[in-house]
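Chains Y, A and R, in that order, give the protein sequences. My numbering applies: residue 34 is where the first sequence begins, and numbers increase by one. My numbering applies: residue 16 is where the second sequence begins, and numbers increase by one. My numbering applies: residue 19 is where the third sequence begins, and numbers increase by one. Positions of the beta carbon are idealized from the N, C-alpha and C atoms, including for glycine. Note that the structure is a prediction, hence the values are computed from the model and not measured. See structure below.
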Amino acid sequence: MIFPTVGVNTLTDYKGHSLLPERDAEQRPVLEIQGLGIDFGGLTAVNDFTITLGPTEISGLIGPNGAGKTTVFNLLTKVYQPTRGTFYLDGKDTAGMNTVQVNQAGIARTFQNIRLFDKMTVEENVKIGLHRDIHYSLGGALFHTPFYRKAEKRAHERALELLDIFDMADFAYAQAGSLPYGAQRRLEILRALATDPKVLLLDEPAAGMNPSETSDLMEAITKIRDTFKICILLIEHDMNLVMGICEGIAVLNFGQIIAKGTPQEIQSNPQVIEAYLGRKKEA
Amino acid sequence: MNTLMKMTKSNMNQYKRSALWSYGITIAGFVIVSIMVSAGLISNSLQGQLVPICAYISLAVSLNLVVGISGELSLGHAGFMAIGAFSGVIAATLFQSLPFLWVKLVIAILVGGLFAGVAGVIIGVPVLRLRGDYLAIVTLAFGEIIRNVLNVIYVGLDEKGLQVSTSMDGIHLSEQGSMILNGPMGATGVTKLSTFFAGFLLVMFTLFVVLNLINSKHGRAIMAMRDNRIAAESVGLSATNFKMTAFVTGAILAGMAGALFALNYSTVAPVKFNFNTSIFILVFVVLGGIGNITGSIISAAVLTILPEALRQFSDYRMLTYAIVLIIVMLATNNPQLKALTAAASKQFKAKFSRTRVYKRPQKADEEMGGTK
Amino acid sequence: MTALTYLTGGLSLGSVYAIIALGYTMVYGIAKMLNFAHGDVIMIGGYVVFCTFTYMNLPVWLGLLLGMVVCTVLGIVIEKLAYKPLRGTSSLAVLITAIGVSYFLQNAALLVFGSAPKVFTSMFAKANNIELADGKLILTPETIFTILICVLIMIGLQVFITKTKMGKAMRAVSEDNDAARLMGINVNQAISTTFAIGSALAAVAGVLLCSSYPTLMPTTGAMPGIKAFTAAVFGGIGSIPGAMVGGLILGIIEILSRAYISTELSDAIVFGVLIVVLLVKPTGLLGRKITEKV
Numbered sequence: 034m035i036f037p038t039v040g041v042n043t044l045t046d047y048k049g050h051s052l053l054p055e056r057d058a059e060q061r062p063v064l065e066i067q068g069l070g071i072d073f074g075g076l077t078a079v080n081d082f083t084i085t086l087g088p089t090e091i092s093g094l095i096g097p098n099g100a101g102k103t104t105v106f107n108l109l110t111k112v113y114q115p116t117r118g119t120f121y122l123d124g125k126d127t128a129g130m131n132t133v134q135v136n137q138a139g140i141a142r143t144f145q146n147i148r149l150f151d152k153m154t155v156e157e158n159v160k161i162g163l164h165r166d167i168h169y170s171l172g173g174a175l176f177h178t179p180f181y182r183k184a185e186k187r188a189h190e191r192a193l194e195l196l197d198i199f200d201m202a203d204f205a206y207a208q209a210g211s212l213p214y215g216a217q218r219r220l221e222i223l224r225a226l227a228t229d230p231k232v233l234l235l236d237e238p239a240a241g242m243n244p245s246e247t248s249d250l251m252e253a254i255t256k257i258r259d260t261f262k263i264c265i266l267l268i269e270h271d272m273n274l275v276m277g278i279c280e281g282i283a284v285l286n287f288g289q290i291i292a293k294g295t296p297q298e299i300q301s302n303p304q305v306i307e308a309y310l311g312r313k314k315e316a
Numbered sequence: 016m017n018t019l020m021k022m023t024k025s026n027m028n029q030y031k032r033s034a035l036w037s038y039g040i041t042i043a044g045f046v047i048v049s050i051m052v053s054a055g056l057i058s059n060s061l062q063g064q065l066v067p068i069c070a071y072i073s074l075a076v077s078l079n080l081v082v083g084i085s086g087e088l089s090l091g092h093a094g095f096m097a098i099g100a101f102s103g104v105i106a107a108t109l110f111q112s113l114p115f116l117w118v119k120l121v122i123a124i125l126v127g128g129l130f131a132g133v134a135g136v137i138i139g140v141p142v143l144r145l146r147g148d149y150l151a152i153v154t155l156a157f158g159e160i161i162r163n164v165l166n167v168i169y170v171g172l173d174e175k176g177l178q179v180s181t182s183m184d185g186i187h188l189s190e191q192g193s194m195i196l197n198g199p200m201g202a203t204g205v206t207k208l209s210t211f212f213a214g215f216l217l218v219m220f221t222l223f224v225v226l227n228l229i230n231s232k233h234g235r236a237i238m239a240m241r242d243n244r245i246a247a248e249s250v251g252l253s254a255t256n257f258k259m260t261a262f263v264t265g266a267i268l269a270g271m272a273g274a275l276f277a278l279n280y281s282t283v284a285p286v287k288f289n290f291n292t293s294i295f296i297l298v299f300v301v302l303g304g305i306g307n308i309t310g311s312i313i314s315a316a317v318l319t320i321l322p323e324a325l326r327q328f329s330d331y332r333m334l335t336y337a338i339v340l341i342i343v344m345l346a347t348n349n350p351q352l353k354a355l356t357a358a359a360s361k362q363f364k365a366k367f368s369r370t371r372v373y374k375r376p377q378k379a380d381e382e383m384g385g386t387k
Numbered sequence: 019m020t021a022l023t024y025l026t027g028g029l030s031l032g033s034v035y036a037i038i039a040l041g042y043t044m045v046y047g048i049a050k051m052l053n054f055a056h057g058d059v060i061m062i063g064g065y066v067v068f069c070t071f072t073y074m075n076l077p078v079w080l081g082l083l084l085g086m087v088v089c090t091v092l093g094i095v096i097e098k099l100a101y102k103p104l105r106g107t108s109s110l111a112v113l114i115t116a117i118g119v120s121y122f123l124q125n126a127a128l129l130v131f132g133s134a135p136k137v138f139t140s141m142f143a144k145a146n147n148i149e150l151a152d153g154k155l156i157l158t159p160e161t162i163f164t165i166l167i168c169v170l171i172m173i174g175l176q177v178f179i180t181k182t183k184m185g186k187a188m189r190a191v192s193e194d195n196d197a198a199r200l201m202g203i204n205v206n207q208a209i210s211t212t213f214a215i216g217s218a219l220a221a222v223a224g225v226l227l228c229s230s231y232p233t234l235m236p237t238t239g240a241m242p243g244i245k246a247f248t249a250a251v252f253g254g255i256g257s258i259p260g261a262m263v264g265g266l267i268l269g270i271i272e273i274l275s276r277a278y279i280s281t282e283l284s285d286a287i288v289f290g291v292l293i294v295v296l297l298v299k300p301t302g303l304l305g306r307k308i309t310e311k312v
């Protein structure tokens, strides 16, 4: 699947792969993934992954275990370089970018197995996400100049603002590793959010949360989308969450997209049901 | 909630608090030792150790920046020390006509830091592409290369200027000229410039730089990289830039300490800066606690004095040093022994400390874990 | 001396490095630790064999056997007392402990044998040099014997690792410690065996080293230890053929640069080559690439 136009999003291309054609058709897509694929030593982990996401869409990526969902995230954050295909972020081709550059271009993520900076405080974790927003030189850092003080104070306030999203400001100075599991997941979201992304990738944000925490999380994700006006793509096994907040869903099985559409469409799609429940034995 | 707020308040200044400890211990140590020296309470041999102790503290703190804060095992710190030492000696000799001792010393230390910093950049570029044990072995290799190369460098000075060669025959000095570096013999006829006070100031400067760096966005980035590289990259931190900052800063500070160290003796040979010295400094860092700056200060001071204090055991002192080292490592790292000492210190604290030991606020957990 | 003679000299020194490097690499592979005291076990082996020659007048083979036994026991004792209690803790703590053990061995030897170098009588004092190709190639008996032993050890070790039950257990532990334990493999025993083999090899290396360079001091093992460690990394630490290849290449580079470039700078050249190799292949010549799972 090769698109001749590089970095230009024609409406027709976009319409074909959007999860929500009617909603975002008039808008410019923020993430346009074209035929993304990767092989691990001859084994195809993800193949021909093509979707397009609008700038303020909440979308879900679901599929059975081992379907390649996290691999898609690793491709989108360039933890792995794709074997085939590419993706455009806000119209910019990301081919040749590395993890750091992709983040600077506007993709932030959380991890399935939480990766916080455990020994640092909650506030510092957020501040690390904010680092590109904190402006002072190495000299400022070494000699704690007035620039340093001003920038650190601003970063501190900003970090507390972000922590307020999940009512975590009271725990700003607790060690990140000492937080309960659910709080660590929330902190990871905030850290990703601190990098000011256009696209936020959440890898199983509700894993290990109880139902009431999950429903809080759903509310918070929607709130984040509404406040920050960003695109959110999430991997999740909790179908209540996925069907509850995702406006578009892509289903992955054996590295291939087997269905795309709205929650209603996905729920009634026979291929999806088969992938999850197995084929009904012919009598 | 009250306990929690207390905890958050006290944690707010964790860097500032540990920084205060570091500065406080250094100043207190300097004042006490100065008083003891003027009261004649310190033996001559120990007085001779004062400048080296300061140099080793600086070296330990700067190595802790690389090993503890940046998380890269460096086995070649003595190499930077050597570069600083010899360039510092050359600078001191070049500027020997300047009026004040301290001016010459400051110039020598700055030159030492500069050259070591340049070496740090040159070495850091390839080294920081590697990881873990491979990085460690390459720093070891660079340390050995530096010492090896210094073994074949001859520098002489006469009224026409500096002469540098790889053999004695390559240097043709006039009558007034003198040799500064003699290959494996090292620097000979060095004018002693270092004083205990200068050493104290260098330690303070080192602490200032390292502690400020830790408590900044650069420091956070360095530590983030250490704790979780993939997560750090995912929030847009580029590994090599920040690691380089720590590595080069460590090299500069080691070079400055090297210059201070060398200008305390009349002769310094390259063999002084071999692999064993690198290890010696690393031992300070590890025993003081990885990433713990105050610990580095204390352990560098104690472990430099220890062989001196063990002098009564004469032949057995290095053997004792080795045994002490092994026992301390086992006691502080073995899980069972660690639990034992932790329990003992808890009891001790409960008995003798008037301040209450803060428990981890359970309320915080409940609140965080439960619904809002 | 001709180039060919230098080359065989390099092969012989490289064989010694290779044998020492095997000890490093096996221990690293299985216990994931850098055993810095390994070089000093070589020195102890040298002293033991020296004593059997000088004070007890034992035959060569018996002296060597005794040296191997002493070193084997020493290796196992060190592992049990100093390293085992730290298993699973930070690798830096283990490294410093290993350095402590190294200091201990050096200073213990200093106390017992003094700092004056002992002259080690070569095992082959009676044998003559062999001249080949009109004197262009001079082979000392030490050279021949060292290379021969190295090849034998290499083959023996490869057979042991691939064919025997214990060898397989050791490989399993080096792959995945916990999984091996769950499969009923005695991990402690496997690690002890590794240390035993490594230390026995160190004794052999000590004797070979002292035969070629007949001075024996408490610090004799330190530099060859570091070089052999370098060789192990050079070949890809954890890989047995890698240690072999790394040791041989390193020995040849060292002897050739000593002969043709500079005696003083030969170590610098050896380490320089190591750096270049690691920059091109960051896990050594035959090392495996480790990827982190996200």
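Restricting attention to R:26, R:70, R:93, the CA atom closest to the CA of residue 83 of chain R is found in R:70.
For residue 126 of chain A, the closest alpha carbon among the candidates A:41, A:327, A:271, A:164 is that of A:271. When Cβ-Cβ separations below 8 Å define contact, residue 348 of chain A makes no contact with chain Y. By DSSP's assignment, residue 169 of chain A forms a beta bridge with A:180, A:197. In the structure shown, the three-state DSSP call for residue 126 of chain Y is strand. Three or more Cβ pairs closer than 8 Å define a contact, and the region 122-136 of chain Y falls short of that threshold against the region 181-189 of chain Y. For residue 266 of chain Y, the three-state secondary structure derived from DSSP is strand. Under the Cβ criterion of 8 Å, residue 210 of chain R is not counted among the residues facing chain A.
Not one beta carbon of chain A lies nearer than 8 Å to the beta carbon of residue 28 of chain R. Rounded to the nearest angstrom, the Cβ distance from residue 283 of chain R to residue 167 of chain A is 6 Å, consistent with a contact under 8 Å.
Residue 92 of chain R sits away from residue 236 of chain R, with the two beta carbons spaced by 8 Å or more.
Residue 239 of chain R and residue 120 of chain A have their C-alpha atoms spaced approximately 39 Å apart. For residue 85 of chain Y, no alpha helix (DSSP H) segment is defined; the enclosing uninterrupted segment is the beta strand (DSSP E) at 76-86. Scanning A:348, A:336, A:352 for the CA closest to the CA of residue 122 of chain R turns up A:336. For residue 293 of chain Y, the beta-bridge partners assigned by DSSP are Y:283. Taking a contact to require three or more Cβ pairs closer than 8 Å, the region 233-249 of chain A and the region 155-172 of chain Y qualify as touching. With a cutoff of 8 Å on beta-carbon distance, residue 149 of chain A and residue 292 of chain R are scored as not near each other. When Y:262, Y:249, Y:242, Y:135 are compared, the shortest CA-CA separation from residue 270 of chain Y is found for Y:242. With distances taken between CA atoms, residue 105 of chain A lies nearest to A:274 out of A:301, A:286, A:274.
Scanning A:50, A:74, A:164, A:201 for the CA closest to the CA of residue 219 of chain A turns up A:74.
Looking at the DSSP output, residue 121 of chain Y sits in a beta bridge with Y:65, Y:126.
Less than 8 Å separates the beta-carbon of residue 286 of chain Y from that of residue 96 of chain Y.
Contact check between the region 103-117 of chain R and the region 52-60 of chain R: three or more CB pairs, one atom from each, fall below 8 Å, which counts as touching.
Using a Cβ-Cβ cut-off of 8 Å, residue 112 of chain Y counts as an interface residue toward chain A, since at least one Cβ of chain A sits closer than that to its own. Taking 8 Å as the CB threshold, residue 216 of chain A stays off the interface with chain R. Among the residues facing chain Y, residue 224 of chain A is included, as its CB has a counterpart in that chain under 8 Å away.
Contact residues of the region 311-341 of chain A toward chain R are 330, 331, 333, 334, 336, 337, 338, 340, 341 (C-beta to C-beta distance below 8 Å). The beta carbons of residue 210 of chain R and residue 94 of chain R sit about 6 Å from each other, so the pair counts as a contact at 8 Å. Taking a Cβ-Cβ threshold of 7 Å, the residues of chain A close to residue 132 of chain Y are 248, 249, in chain order. By the neighbour-count criterion, in which 16 or more other beta carbons inside 10 Å mark a residue as buried, residue 309 of chain Y falls on the exposed side. Here DSSP, grouped into helix, strand and coil, assigns residue 236 of chain Y to strand. In the structure shown, residue 231 of chain Y adopts coil according to DSSP, grouped into three states.
Residue 149 of chain R sits in a strand when the DSSP states are folded into three classes. Look at residue 207 of chain A here: in three-state DSSP terms it is coil, with no helix or strand label. Taking a contact as a CB-CB distance under 8 Å, the pair residue 63 of chain Y and residue 88 of chain Y counts as one, their CB atoms being some 4 Å apart. Within the same chain, and ignoring the five residues on either side of residue 340 of chain A in sequence, the residues whose Cβ sits closer than 8 Å to its Cβ are 298, 302.
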